[in-house]
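Basically my numbering = 1-based index in the sequence shown + 10.
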Amino acid sequence: MSRCRERLRANRRLLEIELLHSDRRHLYSPLYYAQYRITLPLIKEYVKGRMIDLGCGDAPFKREIEKLVSRYDTLDLFPRRTDLTYVSDVQDMAVVPSNSYDSAICLEVLEHTADPFRAVREIYRILAPQGVLVISVPHLSRLHDLPHDYFRYTGFGLRSMLERAGFGVLCVRPRGGLLCFLGHQFSTVLLAMTWNWGWIRKVVWLVNSWLITRACFMLDSLLSLNEEFAAGYVVVAVKPSAE
Numbered sequence: 011m012s013r014c015r016e017r018l019r020a021n022r023r024l025l026e027i028e029l030l031h032s033d034r035r036h037l038y039s040p041l042y043y044a045q046y047r048i049t050l051p052l053i054k055e056y057v058k059g060r061m062i063d064l065g066c067g068d069a070p071f072k073r074e075i076e077k078l079v080s081r082y083d084t085l086d087l088f089p090r091r092t093d094l095t096y097v098s099d100v101q102d103m104a105v106v107p108s109n110s111y112d113s114a115i116c117l118e119v120l121e122h123t124a125d126p127f128r129a130v131r132e133i134y135r136i137l138a139p140q141g142v143l144v145i146s147v148p149h150l151s152r153l154h155d156l157p158h159d160y161f162r163y164t165g166f167g168l169r170s171m172l173e174r175a176g177f178g179v180l181c182v183r184p185r186g187g188l189l190c191f192l193g194h195q196f197s198t199v200l201l202a203m204t205w206n207w208g209w210i211r212k213v214v215w216l217v218n219s220w221l222i223t224r225a226c227f228m229l230d231s232l233l234s235l236n237e238e239f240a241a242g243y244v245v246v247a248v249k250p251s252a253e
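Structural data, given as structure tokens:
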């Protein structure tokens with residue numbers, strides 16, 4: 011069992027690497043599709059000027075975002091990229107000057123911070139007055155990136171956290187629902203199991219992209235499962251003008 015699990019994990023990482031710069035990446039699973047349909051449009055609407063991607067990982071949206079901003083910087087504690095701007099913990103970004111960015115994104119990071127309140131205060135500090143933050147967090151999620159998996163969030167909890175740090179919250183939106191959460195688990199296992207099977211993986215990818223990825227996202231919306239059973243939330247917040 012453990013050997014099978016390790017193989018699936020290795021295949022999944024290979025799959026993610028191959029899809030990183032692919033136009034098909036958002037079809038990987040319902041949760042990836044929800045990020046594409048819900049989070050990315052908000053990022054495109056609000057990011058501006060000097061921007062930093064906090065906990066950037068593989069920076070999957072860099073290609074779409076960098077043409078919208080004057081500067082695209084990155085920060086991560088565990089570097090996956092050779093062009094990382096800062097190697098630092100989002101909970102203690104002493105290497106980043108105060109009031110230095112016009113916008114920031116922080117996607118699926120806060121659940122991995124032991125002190126998210128401190129992290130949010132640090133984000134507030136490095137943003138310039140009128141700086142905008144787009145942040146996404148999970149509500150339904152399996153355990154991942156152990157042992158650094160600490161919290162799950164509601165939209166109300168995230169709003170409260172941001173407001174306590176001084177932010178004004180512009181919008182809170184659910185990102186997928188129960189079927190997106192369940193579908194993501196199924197897509198992950200299905201694609202990882204078949205990714206090395208030549209032409210079979212192409213058939214599986216096509217079936218998955220329509221009958222799981224798109225279908226789960228649409229059904230969550232039609233059945234309103236993204237309200238009481240949100241898979242995650244996206245919040246846009248702004249740092250007020252200096253007095």
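All C-beta atoms in this analysis are idealised placements derived from N, C-alpha and C, irrespective of residue type, glycine included.
- prompt: Can you name the residues that DSSP bridges to Leu150?
  reply: For Leu150, which the question treats as bridged, DSSP gives no partner whatsoever.
query: What do you get for Ala44, buried or exposed, if any count of 16 or more other CB atoms within 10 angstroms of its CB means buried?
result: buried
query: Between which two residues does the beta strand (DSSP E) carrying Ala129 extend?
result: Unbroken run through Ala129 is the alpha helix (DSSP H), 126 to 136; no beta strand (DSSP E).
message: Helix, strand or coil for Arg13? Go by DSSP, reduced to three states.
response: helix
- prompt: How about Leu150 and Arg162: do their beta carbons lie closer than 9 Å?
  reply: yes
field: Identified DSSP bridge partners for Cys116
entry: Ile145
field: Check whether Gly242 and Pro139 have beta carbons under 9 Å apart
entry: no
query: Roughly how many whole angstroms lie between the Cα atoms of Leu29 and Arg35?
result: 5 Å
query: By the 10 Å Cβ neighbour count, where 16 or more other Cβ atoms means buried, how is Asp112 classified, buried or exposed?
result: buried
query: Between the C-alpha atoms of Ala225 and Pro184, what's the straight-line distance to the nearest angstrom?
result: 17 Å
message: Excluding the 5 residues flanking Leu229 on each side, which residues of the same chain have their C-beta closer than 6 Å to its C-beta?
response: Leu189
- prompt: In this structure, does DSSP put Asp63 in helix, strand or coil?
  reply: strand
- prompt: Can you tell me whether His194 is buried or exposed, with buried defined as 16 or more other CB within 10 angstroms of its CB?
  reply: buried
task: Tell me Cys181's beta-bridge partners as DSSP assigns them.
output: Val246
- prompt: If we ignore side chains and look at the alpha-carbon of each, how far apart do Ser32 and Leu87 end up?
  reply: 25 Å
query: Short check: CB of Tyr46 to CB of Val246, under 9 Å?
result: no
query: If you follow the alpha helix (DSSP H) that Asp230 is part of, which residue opens it and which one closes it?
result: 225 to 232
message: Helix, strand or coil for Val214? Go by DSSP, reduced to three states.
response: helix
query: With a Cβ-Cβ cutoff of 9 Å, do Ile75 and Asp63 count as a contact?
result: yes
- prompt: Going by DSSP, which residues form a beta bridge with Asp86?
  reply: Val97
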